[in-house]
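A short worksheet on the structure shown next.
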Amino acid sequence: MELRHLHYLLAVAEHGNFTRAAEDLHLSQPTLSQQIRQLERFVGLPLLDRSGRTVRLTDAGEVYARHGRRMLSELAAAEHAVQDVTDLSRGHLRLAVTPTFTTYLVGPLIADMHTRHPGISFDLTETTQDRIEVQLLADEIDLGIAFAPARLPGLDVTALYAETLSLVVAAGGSPTDRPIPVQDLARRDVALLTVDFATRGHIDAYLLDNQVRPRTVFEANSAQAVIEIVQRTALGTILPDAITHDHHGLDRIALEPALTRTVMLMRRDGAYHSSASQAFTELTTEWVRARGYPAP
1 MELRHLHYLL
11 AVAEHGNFTR
21 AAEDLHLSQP
31 TLSQQIRQLE
41 RFVGLPLLDR
51 SGRTVRLTDA
61 GEVYARHGRR
71 MLSELAAAEH
81 AVQDVTDLSR
91 GHLRLAVTPT
101 FTTYLVGPLI
111 ADMHTRHPGI
121 SFDLTETTQD
131 RIEVQLLADE
141 IDLGIAFAPA
151 RLPGLDVTAL
161 YAETLSLVVA
171 AGGSPTDRPI
181 PVQDLARRDV
191 ALLTVDFATR
201 GHIDAYLLDN
211 QVRPRTVFEA
221 NSAQAVIEIV
231 QRTALGTILP
241 DAITHDHHGL
251 DRIALEPALT
261 RTVMLMRRDG
271 AYHSSASQAF
281 TELTTEWVRA
291 RGYPAP
């Protein structure tokens with residue numbers, strides 16, 4: 001059976017006449033009759049009662065037509081749903097990020113995406129970079145935002161911008177417009193993310209390269225928790241400069257030499273790129289450019 005057979009059956013049932021149905025379908029009457037008989041042979045029962053002046057559905061035909069109408073309705077709904085997804089009036093995006101991005105990047109991006117495309121829903125996960133890469137390869141998420149380089153093969157990576165990390169302190173604590181040497185950190189007490197996170201790995205490698213060991217008196221697995229502690233104490237931390245843009249209770253102090261890293265957008269190599277995923281990727285690139293973040 002093909003879908004056209006169902007359309008033919010419903011047309012005959014609607015018109016009660018092969019001639020008028022054939023005219024409506026732009027077919028010859030013999031062709032239409034032949035197609036209906038093919039359908040009846042496929043079903044194994046007569047679907048139309050041709051004995052009277054008006055052609056009617058048999059009992060089997062009524063059942064078959066009822067389910068057929070439902071199927072055609074579902075197909076029409078599916079076509080509309082596909083169109084909705086294509087024009088972004090509907091869709092879903094699974095996104096995972098490492099913790100620091102939630103505090104300054106992902107929130108504004110999702111807010112902007114929601115304003116432009118309110119029909120798009122999100123699943124947002126904040127986790128480690130290792131977990132993000134594993135989830136991408138397992139097709140558990142669509143996009144990830146983390147740091148170069150990717151550690152696992154099979155990932156498609158787009159470099160977004162170069163991110164600088166600085167000493168971050170409570171506003172009004174010890175502001176300066178000039179960088180301080182990294183060796184000054186040896187005299188400071190700091191609050192840092194735990195060693196599970198990529199940011200902490202970058203910080204530890206930077207401090208080790210410069211042979212500096214500040215006293216870590218507070219660790220947390222949440223960037224927001226670190227920020228809250230720094231705002232309320234004399235502790236400093238090392239976080240991306242951009243975090244201070246939207247947190248008026250924080251000041252940043254540049255370090256010399258600078259600590260930089262490349263932010264990247266990741267997806268599985270060869271993965272289907274949904275309309276929602278494409279729109280978010282384009283928005284992210286646009287947003288980074290508008291903010292004037294330096295090229296990687």
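All residue numbers for the sequence shown refer to full-length UniProt numbering, where the first residue is 1 and numbers rise by one. Note that the Cβ used here is the ideal one computed from N, Cα and C, for glycine as well.
Review point. What do you get for T284, buried or exposed, if any count of 16 or more other CB atoms within 10 angstroms of its CB means buried?
Key: Position 284 of the sequence shown holds residue 284. Buried is the call here.
Exercise for review: Taking I243 as part of the beta strand (DSSP E), name the residues at either end of that continuous run.
Suggested key: For the purposes of this step, residue 243 is identified with residue 243 of the sequence shown, where counting begins at 1. Segment: none, I243 is in no beta strand (DSSP E) and carries neither H nor E.
Point to revise | Distance CB(L192)-CB(T216) smaller than 8 angstroms | key: Taking the first residue of the sequence shown as 1, we reach residue 192 at position 192. Taking the first residue of the sequence shown as 1, we reach residue 216 at position 216. Cβ distance < 8 angstroms, so L192 and T216 count as in contact.
Practice item. Take the Cβ of V106 as the centre, count every other Cβ of all protein chains shown within 10 Å, and call the residue buried at 16 or more, exposed below. Key: Residue mapping note: residue 106 aligns to position 106 of the sequence shown, counting from 1. V106 is buried by the Cβ-count criterion.
Point to revise | Extent of the continuous beta strand (DSSP E) run through Y161 | key: As a first step, residue 161 is located in the sequence shown; it is residue number 161 there, counting from the start. Element bounds for Y161: 155 to 170.
Review point. Is the distance from the Cβ of H5 to the Cβ of Q38 below 8 angstroms?
Key: Along the sequence shown, one-based indexing puts residue 5 at 5. Along the sequence shown, one-based indexing puts residue 38 at 38. Yes, the Cβ-Cβ distance between H5 and Q38 is below 8 angstroms.
Exercise for review: Have a look at the DSSP bridge pairing and note the partners of E126.
Suggested key: Looking up residue 126 in the sequence shown gives position 126. Answer is V97.
Exercise for review: Report the rounded CA-to-CA distance for F122 versus V85, giving the unit in angstroms.
Suggested key: Against the sequence shown, residue 122 aligns to sequence position 122. Against the sequence shown, residue 85 aligns to sequence position 85. C-alpha separation (whole angstroms): 14 angstroms.
Practice item. Measure the C-alpha to C-alpha separation of V230 and V182 and round it to an integer number of angstroms. Key: The residue labelled residue 230 in the question sits at position 230 within the sequence shown. The residue labelled residue 182 in the question sits at position 182 within the sequence shown. Answer to the nearest angstrom: the Cα atoms are 19 angstroms apart.
Review point. Is there contact between the stretch 130 to 148 and the stretch 219 to 236, where contact requires at least three CB pairs shorter than 8 angstroms?
Key: no
Point to revise | Sufficient close CB pairs (3 or more, under 8 angstroms) joining the stretch 69 to 80 to the stretch 133 to 141 | key: no
Exercise for review: Classify F197 as helix, strand or coil using the three-state DSSP reduction.
Suggested key: Taking the first residue of the sequence shown as position 1, residue 197 is located at position 197. F197 falls in the coil class under three-state DSSP.
Check your understanding: How many angstroms separate the CA atom of L208 from the CA atom of A186?
Key -> As a first step, residue 208 is located in the sequence shown; it is residue number 208 there, counting from the start. As a first step, residue 186 is located in the sequence shown; it is residue number 186 there, counting from the start. Spanning the two alpha carbons is a distance of roughly 12 angstroms.
Practice item. Grab me the residues of A22's own chain with a C-beta within less than 8 angstroms of its C-beta, minus the 5 sequence neighbours each way, in chain order. Key: Counted from its first residue, the sequence shown places residue 22 at position 22. Contacts found: S28, Q29, T31, L32.
Practice item. Taking D246 and Y104 to be in contact with their CB atoms under 8 angstroms, please state how far apart those CB atoms are, rounded to whole angstroms. Key: Taking the first residue of the sequence shown as position 1, residue 246 is located at position 246. Taking the first residue of the sequence shown as position 1, residue 104 is located at position 104. Their Cβ separation, rounded to whole angstroms, is 6 angstroms, which keeps D246 and Y104 in contact under 8 angstroms.
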